[in-house]
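Structure first, then comments.
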Amino acid sequence: MKNFLDRTSDCKATTNSFKFYVSASQDLQELNKSLDDVSFQKPKPKLLDGEIIITEGNRVLYFPNVSDKTKGLSGNLYVTNFRFIFDAYEDDCSNEDVNLHQINHLLGDHSSCLTNISSLYQLFGEKKKKLYQDSQLTEKIRGLQVVCKNMKVFTFNFDHSPIIQGRNIAKTLLHHAFPGRHQLLFAYDYGSILKSDKYSEGVVLFSKRSEWENELIRTCPMSASSWRISSQNQKFQMCTSFPQWLVVPYSLLDCDLVTASQSFRGNRPPIWTWSSPNGAALIRTANLLPTITDRTQENRMLENIRKCHPLLKGPCIKDLDRELPSVSELFQCYSKLRDLCIPDSHRQFKMQDTHLYSALENTKWLHHVSSCLRIAVEAAQEIQLGLTTVVQESDGRDTSALISSLVQLILDSHRRSIVGFQSLIQKEWVALGHPFCKRLGLLGSNGSEQSPVFLLFLDCVWQLQNQFPSSFEFTETYLTTLWDSVHVSIFDTFLFDCEKDRADATLNQSERLQLRSTWNWNFQFSDNDVELFFNPLYAFDELQDLSLGDGDGPRKLNTPIFPEYGLPYLGLWTQCYFRWLPMLSIRCGGRPQIDVVHRQLMADVQSLLSEIRRKTKMKLGDCVFGGINNSKNIGYLIYSDASTCNRQESDVAGKKNYDLSKLTEVELRNRHFTCKDIAVIKNKDCIDNFFPFTISSTISVGLTNSSNPSEFDAPSVCNVTD
1 MKNFLDRTSD
11 CKATTNSFKF
21 YVSASQDLQE
31 LNKSLDDVSF
41 QKPKPKLLDG
51 EIIITEGNRV
61 LYFPNVSDKT
71 KGLSGNLYVT
81 NFRFIFDAYE
91 DDCSNEDVNL
101 HQINHLLGDH
111 SSCLTNISSL
121 YQLFGEKKKK
131 LYQDSQLTEK
141 IRGLQVVCKN
151 MKVFTFNFDH
161 SPIIQGRNIA
171 KTLLHHAFPG
181 RHQLLFAYDY
191 GSILKSDKYS
201 EGVVLFSKRS
211 EWENELIRTC
221 PMSASSWRIS
231 SQNQKFQMCT
241 SFPQWLVVPY
251 SLLDCDLVTA
261 SQSFRGNRPP
271 IWTWSSPNGA
281 ALIRTANLLP
291 TITDRTQENR
301 MLENIRKCHP
311 LLKGPCIKDL
321 DRELPSVSEL
331 FQCYSKLRDL
341 CIPDSHRQFK
351 MQDTHLYSAL
361 ENTKWLHHVS
371 SCLRIAVEAA
381 QEIQLGLTTV
391 VQESDGRDTS
401 ALISSLVQLI
411 LDSHRRSIVG
421 FQSLIQKEWV
431 ALGHPFCKRL
441 GLLGSNGSEQ
451 SPVFLLFLDC
461 VWQLQNQFPS
471 SFEFTETYLT
481 TLWDSVHVSI
491 FDTFLFDCEK
501 DRADATLNQS
511 ERLQLRSTWN
521 WNFQFSDNDV
531 ELFFNPLYAF
541 DELQDLSLGD
551 GDGPRKLNTP
561 IFPEYGLPYL
571 GLWTQCYFRW
581 LPMLSIRCGG
591 RPQIDVVHRQ
601 LMADVQSLLS
611 EIRRKTKMKL
621 GDCVFGGINN
631 SKNIGYLIYS
641 DASTCNRQES
651 DVAGKKNYDL
661 SKLTEVELRN
671 RHFTCKDIAV
681 IKNKDCIDNF
691 FPFTISSTIS
701 VGLTNSSNPS
711 EFDAPSVCNV
721 TD
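Put into structure tokens, the structure is as follows:
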């Protein structure tokens with residue numbers, strides 16, 4: 001945390017630095033006069049194109065999270081049609097923290113988008129009262145607490161402000177944070193046209209027929225003859241929550257598709273979302289309407305899906321409603337988790353800390369994370385066995401999107417890249433109609449339908465990252481930033497319930513919406529901040545997945561990852577949930593510092609590899625690298641993929657040991673081991689002459705957890721041992 005006056009011991013005092021103690025006895029008239037002098041000198045904050053100030057408060061005190069409310073920053077509080085901004089009279093005089101936190105160009109410090117507001121409370125000393133749009137506000141509001149959806153809390157005190165300003169601030173926030181209709185969101189007022197940047201290139205929006213065709217061919221070329229693209233919903237006439245283009249069984253006629261859709265909730269019959277190279281497919285569907293007792297249409301759809309299988313196997317069906325919580329149950333769990341993560345005071349924090357694990361257990365949040373991962377792993381295993389899997393839920397728009405996305409992350413390595421992951425969200429969540437507007441509570445009328453389904457998905461992805469740290473191109477900082485960006489009302493990506501609503505908004509002549517994608521990260525952050533989205537371990541894991549392939553060069557192996565889903569293997573996503581608690585922050589430490597160390601180590605390894613290539617005059621294309629497969633693996637080895645040489649072998653306890661003392665330097669360079677071998681390399685002096693860096697006396701070349709290790713021609717991991 002930065003810019004708080006109780007840190008003045010770490011910096012030099014300045015002429016306009018203020019420290020306020022709310023409970024202190026001061027000459028109010030003299031204090032107000034000094035505040036007036038500063039507030040009149042303070043310029044208005046810089047606004048975005050189309051942004052206007054609706055109301056403001058002067059001489060407002062701002063307190064950090066978990067504050068004792070005795071000292072804080074003083075400044076002006078502005079409420080615009082996009083955000084609220086606290087503009088301090090004097091920032092922290094120390095500049096050493098300037099580059100230690102992420103800076104959002106659109107929001108700035110001590111600011112939040114109005115659509116990020118979850119609830120407002122009026123403060124009465126240590127008590128508080130929740131405010132609603134129809135609440136009768138008192139004339140004098142002394143304190144106001146703003147709780148955000150990303151678990152950040154803003155606390156303001158109006159004791160030194162004009163008597164009516166606190167009430168005006170509260171009234172404006174209640175009105176504009178929960179608008180009555182979609183056209184009142186700031187995205188419709190914002191005038192700037194956003195151009196695509198380098199970070200959004202390659203992201204597939206799945207708004208065109210060709211994009212669905214390419215996805216069908218990419219995942220399984222052999223399936224292209226079993227599935228087809230239907231244009232029956234091109235004008236959203238069959239289903240308003242489906243995209244215009246649908247992948248359906250090749251044998252299914254459009255007229256039969258329309259007839260079948262009328263038996264399913266929301267007119268959402270089974271549709272294709274992904275295929276495995278073995279021909280097994282992943283299908284999403286809604287439940288039958290409660291009034292339907294005849295399952296003829298459902299059986300016909302399943303029969304057509306069976307015909308798409310190369311071996312004509314029938315699909316497996318997973319009923320998600322039986323095993324996962326409803327949207328209302330999930331919101332209740334999230335509310336308990338949020339209360340645990342945003343204590344009001346140090347005393348409450350210490351009380352919660354004594355029984356943190358039992359309180360976390362009572363939220364049931366990690367139980368739901370575990371259930372999602374378990375179902376996804378089971379579905380992925382079925383697909384690997386060659387069985388088409390159908391995920392089914394009530395409306396087919398919430399947990400089916402979550403499970404379908406996790407299955408693809410487990411089986412499809414492309415989805416673990418940043419571009420692939422963003423394309424996955426576009427397909428499973430945006431195009432296929434997850435109701436973001438309702439689930440995020442963007443409108444005042446959506447309160448009863450609010451539920452953090454997408455946050456649950458991101459938490460599951462974080463669990464995968466935690467268990468496979470080198471398998472994802474993106475970091476947990478990327479995931480946390482993505483959750484924050486979901487609540488920024490400039491971008492259209494997460495504003496709508498379906499593609500039809502987005503299309504209608506762009507065609508409305510009176511209130512036309514200019515589409516802007518969240519994936520244009522440079523619009524919010526600097527290149528230095530975006531660089532933290534990229535995992536430094538991922539590039540080396542990519543090298544691990546290379547094999548010789550054909551004459552055109554190396555090919556990428558699609559390696560699945562199967563996580564442990566039991567509760568003992570899961571963790572709490574502290575960066576996302578606890579980042580606003582100053583007592584839990586580590587100055588210049590924690591995950592960001594670990595990331596910096598990883599980047600430095602990877603740079604050193606790159607330099608060493610370059611030195612090896614230079615000294616041995618080997619081309620990069622002739623080399624096979626060992627990589628990092630999990631957090632326990634350290635070190636790298638490099639082998640030339642030339643012909644093998646004769647070796648001295650002895651079979652000891654089922655392992656083959658290689659004595660390299662009899663190998664020449666040329667033979668060492670040409671030596672490579674298969675994944676079926678475990679080599680205990682002896683004769684350290686011989687090795688030191690070859691490698692330009694020091695290694696331990698024994699190097700164990702181990703095996704990966706690959707389901708088919710024979711696919712690899714070189715060791716996938718290399719553990720350095722003493």
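Residues 1 to 722 (full-length UniProt numbering) are what the sequence shown spells out, left to right. Note that the Cβ used here is the ideal one computed from N, Cα and C, for glycine as well.
Assigned secondary structure, residue i (DSSP; H/G/I helix, E/B strand, else coil)
i                 : result
valine 391        : strand
residue 724       : In this structure the chain extends from 1 to 722, so residue 724 is not present and cannot be described.
tyrosine 78       : strand
glycine 420       : helix
phenylalanine 496 : coil
methionine 583    : helix
arginine 83       : strand
phenylalanine 124 : strand
residue 760       : Beyond the ends of the chain as shown, which are 1 and 722, falls residue 760; an answer cannot be given.
lysine 130        : strand
isoleucine 169    : helix
arginine 295      : coil
glycine 444       : helix
alanine 88        : strand
histidine 367     : helix
serine 210        : helix
phenylalanine 474 : strand
tryptophan 519    : coil
threonine 70      : coil
phenylalanine 534 : strand
lysine 336        : helix
residue 739       : Because residue 739 is not part of the residues shown, which for the chain are 1 to 722, the question remains open.
leucine 288       : strand
valine 666        : Only weak support exists for where valine 666 lies, its pLDDT of 45 falling under 50; the coordinates are left without a value.
leucine 302       : helix
Distance CB(residue i)-CB(residue j) smaller than 8 Å
i                 : j              : result
aspartate 87      : asparagine 104 : no
phenylalanine 454 : valine 488     : no
glutamate 476     : glutamine 465  : yes
valine 248        : isoleucine 271 : yes
leucine 570       : leucine 366    : yes
aspartate 254     : serine 230     : yes
arginine 83       : leucine 123    : no
aspartate 49      : serine 196     : no
residue 724       : arginine 228   : One cannot answer for residue 724 here, as it falls past the ends of the chain, which runs 1 to 722.
aspartate 395     : alanine 286    : yes
glutamine 392     : aspartate 319  : yes
serine 275        : cysteine 220   : yes
threonine 172     : alanine 280    : no
leucine 185       : leucine 442    : yes
residue 734       : aspartate 492  : Coverage of the chain is limited to positions 1 through 722, which leaves residue 734 absent and any answer about it impossible.
tryptophan 483    : asparagine 233 : no
leucine 411       : isoleucine 375 : no
leucine 440       : valine 461     : no
Beta-ladder partner(s) of residue i, from DSSP
i                 : result
asparagine 157    : Leu61 and Gly143
serine 119        : Val147
proline 249       : Trp227
serine 112        : Phe84
leucine 282       : Trp274 and Thr389
cysteine 316      : Thr389
phenylalanine 264 : Leu288
Proximity test, residue i beta-carbon vs the ligand NAP heavy atom, cut-off 7 Å
i           : result
leucine 479 : Absence of the ligand NAP from the depicted structure is noted, as is the absence of any ligand whatsoever, leaving it without description.
Short CB-CB distance (under 8 Å) between residue i and chain D
i            : result
arginine 284 : In the displayed structure, chain D is absent; only one protein chain is listed.
Practice problem: Would you check if the stretch 232-242 and the stretch 398-405 touch, i.e. whether three or more CB-CB distances between them fall below 8 Å? | Solution: These segments do not touch.
Quiz item: Can we say the stretch 135-148 touches the stretch 555-573, given the rule of at least three CB pairs closer than 8 Å?
Solution: At 8 Å Cβ cutoff, the stretches do not touch.
Quiz item: Is the stretch 364-372 touching the stretch 288-306 in the sense that three or more CB pairs, one from each, lie closer than 8 Å?
Solution: The stretch 288-306 vs the stretch 364-372: no contact.
Quiz item: Using 8 Å as the threshold, is the stretch 410-419 in touch with the stretch 438-455, meaning 3 or more CB pairs across them?
Solution: Contact check between the stretch 410-419 and the stretch 438-455: fewer than three CB pairs, one atom from each, fall below 8 Å, which does not count as touching.
Quiz prompt | Cβ pair count under 8 Å reaching 3, the stretch 569-581 against the stretch 512-530 | solution = Result no; under three Cβ-Cβ pairs closer than 8 Å.
Quiz item: Is there contact between the stretch 175-187 and the stretch 59-69, where contact requires at least three CB pairs shorter than 8 Å?
Solution: No: the two stretches stay apart, fewer than three of their Cβ pairs being nearer than 8 Å.
Quiz item: Do three or more CB pairs link the stretch 315-326 to the stretch 424-434 at distances below 8 Å?
Solution: Judged by pairs of C-beta atoms under 8 Å, the stretch 315-326 does not touch the stretch 424-434, as fewer than three such pairs exist.
Quiz item: Okay, do the stretch 593-612 and the stretch 495-502 touch, 3+ Cβ pairs below 8 Å being the bar?
Solution: Because the criterion of three Cβ pairs below 8 Å is not met, the stretch 593-612 and the stretch 495-502 do not touch.
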